[in-house]
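Participant: What follows is a structure written as structure tokens; I'll ask about it next.
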Amino acid sequence: MRPARAFFDLQVRFAHEAARLTGAPLVGALLEWTNLYVRFGAGRAFDPAHPLWAAYSSGIDESAPLAQQCEWTWRYLQRCPTHRASPYVIASFGCFAYARDAHGGVRLHFDPRVDRGMSPLDIRRRHARRAELQRLIEHVCEHDPAWSSLELHGTSWLYNVPAYRGLFPDVYVASAQPVPRWRALSLWGQFLDRHGALREMPAAGMLTRVAQLRNIEEGIAQCFPFQALAVSAPIQLLREHFSA
1 MRPARAFFDL QVRFAHEAAR LTGAPLVGAL LEWTNLYVRF GAGRAFDPAH PLWAAYSSGI
61 DESAPLAQQC EWTWRYLQRC PTHRASPYVI ASFGCFAYAR DAHGGVRLHF DPRVDRGMSP
121 LDIRRRHARR AELQRLIEHV CEHDPAWSSL ELHGTSWLYN VPAYRGLFPD VYVASAQPVP
181 RWRALSLWGQ FLDRHGALRE MPAAGMLTRV AQLRNIEEGI AQCFPFQALA VSAPIQLLRE
241 HFSA
């Protein structure tokens, strides 16, 4: 899924508001408050000296009109190794994939691909999604000798959505905690549909709310329809749940 241009325009517009509220330069707000660094294929170190980011930031004219800054962002994206934006995964099972977490454990990923013309979270595909999760858990257990001591971790705005939460056991969902993910698709992904188009109404609502803030302490996170939620549970419990 390649996000549409409007998705990147949205983030540039949001960065303008973040810069206004924090007093930071626009280039700094673009680095700290958007998913652009990752989308450009620069990784997740968020190093302002990274060649891909440095080339982008040097082309941003902070005094230029917003439309011109959006145009530069889109044109720059076209020459970036955007395929690097996708996370490395060990194995994929339908809409789900997993990787080893940098701090230990297993990291779950979800790909909202088109599924027989239906939403991947359509109630008619619930059984298929749960079967994919079961296969994923079994793959972890078969290929990692330390599986019984591992935890499955997930971070996404999707854990706010009943159709997604319902795929998992209560012990996993109950661990949900909001986390700041200003630079991640786990937050910004709520503004994309499964085809990569911008979800215009939620995006417009977010921009309207953030434009009304007078300072950062008023709660910029609450301007988003959903927060990114971090969840986790032992692989052992998940295996028992999906095998029942």
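For the sequence shown, the positions run 1 to 244 when UniProt numbering is used. Ideal Cβ placement from N, Cα and C applies to all residues, glycine included. Quick caveat: nothing in here was measured; it's all calculated off a predicted structure.
Assign Asn35 to buried or exposed, taking buried as 16 or more other Cβ atoms, counted over all protein chains shown, within 10 Å of its Cβ.
Facilitator: For this step, residue 35 is matched to residue 35 along the sequence shown. So Asn35 ends up on the buried side.
Participant: Between which two residues does the alpha helix (DSSP H) containing residue 254 stretch?
Facilitator: Nothing about residue 254 can be reported from this structure: the residues present for the chain run from 1 to 244 only.
Participant: Have a look at Arg113 and Val38 and give me their C-alpha separation to the nearest angstrom.
Facilitator: As a working note, residue 113 is residue 113 in the sequence shown. As a working note, residue 38 is residue 38 in the sequence shown. Taking the Cα positions, Arg113 is about 20 Å away from Val38.
Participant: Out of Leu31, Phe242, Ala97, Gln236, which has the shortest C-alpha to C-alpha gap to Gly166?
Facilitator: Along the sequence shown, read from residue 1 onward, the residue named residue 166 stands at position 166. Looking only at Leu31, Phe242, Ala97, Gln236, the smallest Cα-Cα distance to Gly166 is reached by Phe242.
Participant: Does the region 148–156 come within contact of the region 192–210, defined as at least 3 CB pairs closer than 8 Å?
Facilitator: no
Participant: Hey, which unbroken runs of the beta strand (DSSP E) at 3 residues or more fall wholly within the region 138–219?
Facilitator: 151–156
Participant: Work out the CA separation of Gln177 and Asp115 for me, nearest whole Å.
Facilitator: Walking along the sequence shown from the start, residue 115 turns up at place 115. Walking along the sequence shown from the start, residue 177 turns up at place 177. Those two C-alpha atoms are separated by around 29 Å.
Participant: Kindly list the residues whose CB is nearer than 8 Å to the CB of Tyr159, restricted to its own chain and excluding five residues on each side of it in sequence; keep chain order.
Facilitator: The residue given as residue 159 occupies position 159 in the sequence shown. Same-chain partners within the cutoff: Arg165, Val173, Ala176, Leu229, Val231.
Participant: For Pro162, count the other beta carbons within 10 Å of its own beta carbon; 16 or more makes it buried, fewer makes it exposed. Which is it?
Facilitator: Translated into the one-based positions of the sequence shown, residue 162 becomes position 162. Exposed, because fewer than 16 other Cβ atoms sit within 10 Å of the Cβ of Pro162.
Participant: Note the first and the last residue of the continuous alpha helix (DSSP H) segment covering Leu26.
Facilitator: Mapped onto the sequence shown, residue 26 falls at position 26. Where Leu26 is concerned, the enclosing alpha helix (DSSP H) stretches over 26–33.
Participant: Should Phe8 be flagged as near chain C, meaning a C-beta pair shorter than 9 Å?
Facilitator: Note that chain C does not occur in the displayed structure, where there is just one protein chain.
Participant: I need the DSSP call for His109, collapsed to helix, strand or coil.
Facilitator: Here residue 109 is taken as the residue at index 109 of the sequence shown, counted from 1. Three-state result, His109: strand.
Participant: What whole-angstrom Cβ distance do Leu213 and Leu21 have, given they're in contact under 8 Å?
Facilitator: For the purposes of this step, residue 213 is identified with residue 213 of the sequence shown, where counting begins at 1. For the purposes of this step, residue 21 is identified with residue 21 of the sequence shown, where counting begins at 1. Going by Cβ atoms, the distance from Leu213 to Leu21 rounds to 6 Å, so yes, they are a contact pair.
Participant: Alpha carbon to alpha carbon, what distance is there between His83 and Asp47?
Facilitator: Position 47 of the sequence shown, counting from 1, holds the residue named residue 47. Position 83 of the sequence shown, counting from 1, holds the residue named residue 83. Whole-angstrom Cα-Cα distance: 19 Å.
Participant: What did DSSP end up calling Asp47 once you bin it into helix, strand or coil?
Facilitator: Working through the sequence shown from its first residue, we reach residue 47 at position 47. DSSP places Asp47 in coil when its eight states are reduced to three.
Participant: Going by beta-carbon coordinates alone, are Trp72 and Ala64 separated by less than 9 Å?
Facilitator: In the sequence shown, counting from the first residue as 1, residue 72 sits at position 72. In the sequence shown, counting from the first residue as 1, residue 64 sits at position 64. Yes, the pair counts as a contact, with Cβ atoms nearer than the cut-off.
Participant: At the level of alpha carbons, what is the spacing between Trp74 and Ala91?
Facilitator: Residue 74 sits at position 74 when you count from the first residue of the sequence shown. Residue 91 sits at position 91 when you count from the first residue of the sequence shown. Those two C-alpha atoms are separated by around 31 Å.
Participant: Have a look at Gly41 and Leu31 and give me their C-alpha separation to the nearest angstrom.
Facilitator: For the purposes of this step, residue 41 is taken as the residue at position 41 of the sequence shown. For the purposes of this step, residue 31 is taken as the residue at position 31 of the sequence shown. In a straight line, the C-alpha of Gly41 is about 13 Å away from that of Leu31.
Participant: Give me the residue from Asp101, Met206, Leu77, Leu121 with the minimum Cα distance to residue 247.
Facilitator: There is simply no residue 247 to check, as the chain begins at 1 and stops at 244 in what is shown.
Participant: Classify Gly189 as buried or exposed, calling it buried when 16 or more other Cβ atoms lie within 10 Å of its own Cβ.
Facilitator: Sequence index remark: in the sequence shown, residue 189 carries index 189 (1-based). The residue is buried, with at least 16 neighbouring Cβ atoms inside 10 Å.
Participant: Near Asp9, what residues of its chain come up, given a Cβ to Cβ distance below 6 Å and the 5 sequence neighbours on each side ignored?
Facilitator: Locating residue 9 in the sequence shown gives position 9, where the first residue counts as 1. Cβ neighbours of Asp9 beyond the five flanking positions: Cys70.
Participant: Grab the span of the alpha helix (DSSP H) containing Ala15 for me, first residue to last.
Facilitator: To locate residue 15, count along the sequence shown from 1; it is residue 15. Element bounds for Ala15: 5–22.
Participant: Looking only at its chain, what residues have a beta carbon closer than 8 Å to the beta carbon of Ala45, apart from the 5 residues adjacent to it on each side?
Facilitator: For this step, residue 45 is matched to residue 45 along the sequence shown. Cβ within range, chain order: n/a, list empty.
Participant: Looking only at its own chain, which residues have a Cβ that is under 7 Å from the Cβ of Val210, when we skip the five neighbours before and after it?
Facilitator: Residue 210 sits at position 210 when you count from the first residue of the sequence shown. Counting only Cβ-Cβ distances below 7 Å, and skipping sequence neighbours, we find Phe14, Glu17, Ile220, Cys223.
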